[in-house]
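Scroll down for the structure; my scribbles are underneath it.
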Amino acid sequence: MQYQSPASIEEAVAALASIGGARVLAGGTDLLVQLRSGTASPAAVIDVKNIAALRAITETADGFRIGAAVCGAEITDHAALVAAWPGVAEAAGLIGSTQVQGRASLGGNVCNASPAADTTPALIAARAVAEIVGPNGRRSIPVEQIATGPGKTSLAEGEIVVSFLLPRRPARSADAYLRLIPRTEMDIAVAGAGVNLTLDADGTIADARVGIGAVAPTALVLDAAPGILVGTKCDEATLAKLAEAAGAAARPIDDKRGTVDYRRKVVGVLAKRAALIAYERAKGAR
Amino acid sequence: MAKSHVSTTVNGDPVEFLCDAPETMLDVLRNTLGLTGTKEGCGTGDCGACSIIVDGRLVCGCLMLAVEATGKSITTIEGIGAPDRLHPVQQAFLEDAALQCGFCTPGFIVAAKALLDRNPDPSETEIRYWLAGNLCRCTGYDKIVRAVQHAAAEMKGQPA
Amino acid sequence: MTYEPKNLRVVGTRPIRHDGADKVTGRANYASDFTLPGMLWGRVLRSPHAHAKVISINTDKAIALPGVKAVITGADLVLPDAGITQAGESAINTQHLAKNLLARDKVFYDGHPVAAVAAISDAIAQQALGLIEVEYEVLPHVIDVDDAVKDDAPLLHDDIFTEGVEPRPEKPSNIAKRIVVAKGDVAKGFAEADFVIERTYTSKPVHQGYIEPQGVVANYAEDGQAMVWCSSQGQFLIRDLCANMLGLETSSLKVIPAEIGGGFGGKTTVYLEPLALMLSKASGRPVKMAMTRGEVLRATGPTSGGSYTTKIGAMKDGTIVAAEVVLKFQAGAFPGSPVGAAVMFCSAPYDIPNLSITGYDVVVNLPKIHAYRAPGAPNGAFAFETVLDELARELKMDPIDFRAKNSAVEGSKSPYGPTHGPLGGIECLSSAKNHPHYKANLGPNQGRGVASGFWINIGGQSAATVVVNRDGTIALVEGCPDIGGTRASLAMMCAEVLGIAAEKVRPSIVDTTAIAFNDVTGGSRVTFATGIAVVQATEDAVRQMRERAAKMWDIDVEQVGWRDGAAQELNGNRSLTIAQIAQKAAKTGGQIMGHASINASGAGPSLTTHLCDVEVDRETGKVTILRYTTFQDAGKAVHPSYVEGQMQGGAAQGIGWALNEEYIHDAQGRLENPGFLDYRMPVASDLPMIDAVIIEVPNPNHPFGVRGVGEAPIVPPLAAIANAIYDATGVRMRDLPFSPPKVLAALEAAEKAKG
């Protein structure tokens, strides 16, 4: 296995294109485990952490641009980002231990395409857009279009995700992410839900978007959520409907981490609880 | 495949080594550089026994390729405390009996030092969550958490 | 040696442990920290099948790989004569051990070793494993204990005929043994009882979970002399098992104990050591081997899961009149589950007139079960103490009062035979009842559980040498690996007898050529049994120093006493310190060295009571431990901090067992969670502080009153948590672990039942 550490996006793309079977190395917290167990044996790894653009969090007039190789700890240390996107930050802050946080990247979490990736539902709720560079240039897609199935993405050969764009946060708006794991830390989500809400001046929900994770081959946009939440004040009956809709949208499997039945129920509970947190946050937001 | 030549800094010393691309920092620390205080408990980032500090960030040595060390500054358990004086975290672990078998201890001490470096006054909950990536099977964590609280107080000049 | 109260100056204090600095600086050397010049790296090829015939193994391609120096298979391991080696609380059948080390004609579990390789690098050794061709004929497998006892179950061994059944069965089966403990007349007892409750429980295998994977360096020299460096709970056991496997004379093998990174019973046998020796012998080079975490979980001893039925009858006044228990334990690939201990001890905190307890040792397609902290007792206590909780509620009695009313006390006859000496059961219960924890208020969805536990503790063979240095310091030489602070506790007892500070005694755990045979560090025996050896060796050294002082003063030795680290003239003012005596030792008869080698009996049983508060999230089924307090009779806590540590650590392991730890298998019988990600041991944020209340009812058979303390703390948590969940929710959890999906399902089933 070769190791390359390009200094620019162009070099990285060229390296990926020229070496068949190369893998991108960002935080490496999944890739190194795969290398060790023999489930991955790439001809080369292309370390993208020395590309400045992939390591930066920048605040622009349009929102935040987060480099794909930015690690969880860098996100949760970024006060302005955490203030604007608390749900995205808490999702990033849930990936693995403190040690894993010091390495695991946003891009890796999304592009490994684990159905249980914590940041994906939060990014979906945030309407995050992924910027992709490849041999044929640059393109942008909504984050929910990256994963196409467990471990599979829509990225073409030689393409890499370079950054994620989070829109500018409107007034009276906030997000939240919750997941269920058997312990308090160190587990893979059994189910997860991200909720992003914007309120009217009187506290009525004007815009809502919900992403759910670990309950289908990919994280899902909960299409029913706006219809249920918008126009309400997040009352109990609304939350019950939201929970039911989340369970109904889920297409989970039985595995060592949970059962179909359990996941359906719990994703609803999480959606409802995350909605309430987002609602309270939005009420308190400027 | 030729080995890579890596120049890095370990515990303040300039260090050079050769490694294969798939070798982890943990492998090189233990097998090439002879720094065996960093332990392997799982090899998958789930136990924290290989905790090291790389450019100020706490990471698992098993989840970092050795070739990535180029130009970095790495602190291992061997770099914590001075020959004539243990670090307050080490001293607190001794005084509070915060170890039994001692195998997870280097990882806990590195992790606790990293915590106190950035948060000199952590709550019990903050300590427990920060250390959640460090498994200990012997102590039930009680005396470890107390030792970190004790060390924090010592470092602020308030003997607990 | 017998207990007598004394004024203590060292025992009962909390000095810094002697090996502490090495362990907080990373200097301490564990198994895999050792290297030798010219060392090779060894790796094991393991079965991917839960049960299969091995049709053929072809190692030609592996041995041909450049850099590979040796390849071995089961054919290279001569089956030793049948025999049993005692390993603390386990008995190791040497033929089963050989078949477990390297499969012969059959593999019995996912992870069963079939071959091993040594090469010049770990990478080449791993590559070589991929070149070994093994042809299997996959057989039906069975893991669940209730399935394994069925007549049509896949049969693991055709030479197992249930022991303990008369007449001997004609057909082989998976039931290796039946064990019965009985007294009185159970039928009569139940007929008299006002309340009878019968329940069935199940549990899954759980792993010891030590953080240090097994590791070894072996060096087999051309003259047949061999050396092994490894971490284990007993270097003498490793020596004897390896010598047996390789047909070596005992004196040909030296085993050097590395520091041990946790064992909990799991390191009282061999997995890699004989293979490393065989590879070293075959290659002529030293060989290092270390397991991955996956190998540890797939192929080293978990403890048994099983199914358990308990029936207990009580009178209206709370007197338990009868108990009938049937325990079926998974033994893994070969016989030898700890069901016997569960049979003997599940009811042992109590004095019950009519008892019938039956245990079945059942082979299944799991790794060979091995000892785990109080082996068998947590399973038994889970099944017993939860029924007690149900009975206490039926009787409308406080669960502590109910237990106290039925407690075994000094003079009552134990279920396993002997009459009890002093026991601290009542003291633990009353301490728990009076503790602020028991009176604290609970919120909604919160509940409190109580459970007690019993562990017998063992004595056994220990040796110690006390060497008096010229400057008055002491070298304490002993042979039991220190897993949790026994260097400190032993040095403290030595210092106490000498009348000097603990820091003046330097304890060393030496190799198998430097001291007489010692039994393993296990059975909570070291501070008790090796402690007696240390006290006797120290007294031997004191006797010699008094003799030397008498010689120096030219008086009769009877005129010389010993106090405060010095010989004292009884009828005068003269005194001589240890240093003063030692400096003259060459002229008074040579260097001074006390020694003792004993087989200790009279270990005092441990009794313990746990209080646990939980909160249950009714929407997700997640259980949070809010508060936990343990009460345990330690006899005498030599170093209270490390006694508390045992109580806290054992409770934490029990909490893990109760909430989330389990072996999960796929349909093919492969372990689906061979890593710490999905084998979910408690992390720091899962637990509250664990309060440890030490009770001291002295053991009459130890000079300082010591009982063992290490094992009992893991016995009550399973039941304590089950009882707390009931208190919080009104739902009885009877199938371990109480993971969120199971708890939620139980809550919903209860709702449905209510209508």
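Protein chains in written order, with our numbering: chain A, 12 to 297; chain B, 76 to 235; chain C, 128 to 882.
Ideal placement from N, C-alpha and C gives every residue a C-beta, glycine not left out.
Because the structure is a prediction, the values reported are computed rather than measured.
What separation, rounded to the nearest whole angstrom, lies between the Cα atoms of residue 242 (chain A) and residue 871 (chain C)? Here residue 242 (chain A) refers to the residue found at position 231 of the first sequence. Here residue 871 (chain C) refers to the residue found at position 744 of the third sequence. Approximately 33 Å between the Cα atoms of the pair.
What does the Cβ neighbour count give for residue 795 (chain C), buried or exposed, with the cut at 16 atoms within 10 Å? Here residue 795 (chain C) refers to the residue found at position 668 when the third sequence is read from its first residue. That one is exposed.
Note down, in chain order, each residue of its chain lying with its Cβ closer than 6 Å to the Cβ of residue 291 (chain A), except the 5 sequence neighbours on either side. To locate residue 291 (chain A), count along the first sequence from 1; it is residue 280. The answer is none, since no qualifying residue turns up.
Would you kindly work out how many angstroms separate the C-alpha atoms of residue 120 (chain B) and residue 17 (chain A), rounded to a whole number? Walking along the second sequence from the start, residue 120 (chain B) turns up at place 45. Walking along the first sequence from the start, residue 17 (chain A) turns up at place 6. Using only the alpha carbons, I get a separation of about 26 Å.
Contact criterion: CB-CB distance below 8 Å. Does residue 280 (chain A) meet it with respect to chain C? Within the first sequence, numbered from 1, the residue matching residue 280 (chain A) stands at position 269. Yes, contact with chain C.
Is the distance from the Cβ of residue 284 (chain C) to the Cβ of residue 137 (chain C) below 8 Å? Walking along the third sequence from the start, residue 284 (chain C) turns up at place 157. Walking along the third sequence from the start, residue 137 (chain C) turns up at place 10. No, the Cβ-Cβ distance between residue 284 (chain C) and residue 137 (chain C) is not below 8 Å.
Report buried or exposed for residue 276 (chain A), applying the criterion of at least 16 other Cβ atoms within 10 angstroms of its Cβ. In the first sequence, counting from the first residue as 1, residue 276 (chain A) sits at position 265. So residue 276 (chain A) counts as buried.
Does the region 210-226 of chain A come into contact with the region 257-267 of chain A, if we say contact requires no fewer than three beta-carbon pairs (one atom in each stretch) closer than 8 Å? yes
Beta-carbon within less than 7 Å of residue 596 (chain C)'s beta-carbon, same chain only, minus the 5 sequence neighbours each way: which residues are those? Taking the third sequence and counting its residues from 1, the one referred to as residue 596 (chain C) is at position 469. Closer than 7 Å at Cβ, skipping near neighbours: 602 and 709.
Under 8 Å, do residue 130 (chain B) and residue 114 (chain B) count as touching if we go by C-beta distance? Translated into the one-based positions of the second sequence, residue 130 (chain B) becomes position 55. Translated into the one-based positions of the second sequence, residue 114 (chain B) becomes position 39. Their beta carbons are not under 8 Å apart, which means residue 130 (chain B) does not touch residue 114 (chain B) by this criterion.
Would you kindly work out how many angstroms separate the C-alpha atoms of residue 619 (chain C) and residue 127 (chain B), rounded to a whole number? Locating residue 619 (chain C) in the third sequence gives position 492, where the first residue counts as 1. Locating residue 127 (chain B) in the second sequence gives position 52, where the first residue counts as 1. Approximately 35 Å between the Cα atoms of the pair.
Strictly under 8 Å for the Cβ-Cβ distance: is residue 125 (chain A) near chain B by that measure? Locating residue 125 (chain A) in the first sequence gives position 114, where the first residue counts as 1. So, not an interface residue.
With a threshold of 7 Å on Cβ separation, who are the neighbours of residue 20 (chain A) within its own chain once the five nearest residues in sequence on each side are excluded? Counted from its first residue, the first sequence places residue 20 (chain A) at position 9. The answer, listed in chain order, is 62, 64, 144 and 173.
Return yes when the Cβ of residue 482 (chain C) is within less than 8 Å of the Cβ of residue 761 (chain C), no when it is not. Here residue 761 (chain C) is taken as the residue at index 634 of the third sequence, counted from 1. Here residue 482 (chain C) is taken as the residue at index 355 of the third sequence, counted from 1. For residue 761 (chain C) and residue 482 (chain C), no; Cβs fall outside 8 Å.
Count the other CB atoms, across all protein chains shown, that sit within 10 Å of the CB of residue 71 (chain A); report buried if there are 16 or more and exposed otherwise. Against the first sequence, residue 71 (chain A) aligns to sequence position 60. Residue 71 (chain A) should be labelled exposed.
Using the Cβ count rule (16 or more neighbours within 10 Å means buried), how would you classify residue 89 (chain A)? Here the question's residue 89 (chain A) lines up with position 78 in the first sequence. Looking at its Cβ environment, which holds 16 or more other Cβ atoms inside 10 Å, residue 89 (chain A) is buried.
Rounded straight-line distance, which links the Cα of residue 133 (chain B) to that of residue 189 (chain B): If you number the second sequence from 1, residue 189 (chain B) lands on position 114. If you number the second sequence from 1, residue 133 (chain B) lands on position 58. Between residue 189 (chain B) and residue 133 (chain B), the C-alpha separation is close to 6 Å.
What are the residues of the region 174-201 of chain A that lie near chain C, defined by any Cβ-Cβ distance shorter than 8 Å? Per Cβ criterion, the list reads 191, 193, 194, 195, 196, 197, 198, 199 and 201.
Which full runs of the beta strand (DSSP E) of 3+ residues lie inside the region 492-568 of chain C, going along the chain? Listed in chain order, there is nothing to give.
Distance check for residue 850 (chain C) and residue 869 (chain C), CA to CA, integer angstroms please. Here residue 869 (chain C) corresponds to residue number 742 of the third sequence, with the count starting at 1. Here residue 850 (chain C) corresponds to residue number 723 of the third sequence, with the count starting at 1. Residue 869 (chain C) and residue 850 (chain C): Cα-Cα distance of roughly 16 Å.
According to DSSP, is residue 722 (chain C) helix, strand or coil? The count along the third sequence starts at 1 and reaches residue 722 (chain C) at position 595. Strand at residue 722 (chain C).
Of the listed residues C:219, C:527, C:200 and C:517, nearest to residue 208 (chain C) (C-alpha basis): Here the question's residue 208 (chain C) lines up with position 81 in the third sequence. Among C:219, C:527, C:200 and C:517, the Cα nearest to that of residue 208 (chain C) is on C:219.
Note down, in chain order, each residue of its chain lying with its Cβ closer than 8 Å to the Cβ of residue 669 (chain C), except the 5 sequence neighbours on either side. The residue you call residue 669 (chain C) lines up with position 542 of the third sequence. 624, 625, 689 and 721, listed in sequence order.
Between the region 864-877 of chain C and chain A, which residues of the former have CB atoms less than 8 Å from a CB of the latter, in chain order? 866, 867, 868, 871 and 872
Residue 160 (chain B) burial status per 10 Å Cβ neighbour count (16 or more: buried): Here residue 160 (chain B) corresponds to residue number 85 of the second sequence, with the count starting at 1. Result: exposed.
List the whole-angstrom C-beta distance separating residue 229 (chain B) from residue 163 (chain B), where the pair is believed to meet the contact cut-off of C-beta under 8 Å. Position 154 of the second sequence, counting from 1, holds the residue named residue 229 (chain B). Position 88 of the second sequence, counting from 1, holds the residue named residue 163 (chain B). Yes, they are in contact, since the Cβ atoms of residue 229 (chain B) and residue 163 (chain B) sit about 4 Å apart, within 8 Å.
Under the criterion of a Cβ to heavy atom distance below 7 Å, does residue 653 (chain C) qualify as lining the ligand ADP? Among the components modelled here there is no ligand, and therefore nothing to report on the ligand ADP.
Quick one: measure Cβ to Cβ for residue 450 (chain C) and residue 474 (chain C), integer angstroms, because I've assumed they're closer than 8 Å. As a working note, residue 450 (chain C) is residue 323 in the third sequence. As a working note, residue 474 (chain C) is residue 347 in the third sequence. Confirmed, Cβ separation roughly 5 Å.
Would you say the region 369-388 of chain C touches the region 192-199 of chain C, given that touching needs at least three Cβ pairs under 8 Å? no
What are the start and end residues of each continuous beta strand (DSSP E) run of 3 or more residues lying completely inside the region 194-278 of chain C, in chain order? 195-200, 211-214, 217-220, 240-246 and 260-265
Measure the CB-CB distance between residue 209 (chain A) and residue 217 (chain A) and report whether it falls below 8 Å. Here residue 209 (chain A) refers to the residue found at position 198 when the first sequence is read from its first residue. Here residue 217 (chain A) refers to the residue found at position 206 when the first sequence is read from its first residue. Yes, they are a contact pair.
Under a CB-based cut-off of 8 Å, is residue 235 (chain B) close to chain C? For the purposes of this step, residue 235 (chain B) is taken as residue 160 along the second sequence, with counting starting at 1. With a pLDDT of 48 at residue 235 (chain B), under the threshold of 50, the modelled position of that residue is not reliable, and the figure given next carries that caveat. For residue 235 (chain B), the answer is no, since every Cβ of chain C falls outside 8 Å of its Cβ.
Can you list, in chain order, the residues of its chain with a C-beta nearer than 7 Å to that of residue 66 (chain A)? Leave out the 5 residues immediately preceding and following it. By one-based count along the first sequence, residue 66 (chain A) stands at place 55. Cβ neighbours of residue 66 (chain A) beyond the five flanking positions: 60, 78, 80 and 81.
Span of the alpha helix (DSSP H) holding residue 165 (chain A)? Here residue 165 (chain A) refers to the residue found at position 154 of the first sequence. Note, residue 165 (chain A): premise wrong, no alpha helix (DSSP H); not H, not E.
Can you have a look at residue 879 (chain C) and say buried or exposed, based on whether 16 or more other CB atoms are within 10 angstroms of its CB? Residue mapping note: residue 879 (chain C) aligns to position 752 of the third sequence, counting from 1. That one is exposed.
Could you give the residue range of the beta strand (DSSP E) that holds residue 69 (chain C)? What is shown of chain C runs 128 to 882, which leaves residue 69 (chain C) out entirely.
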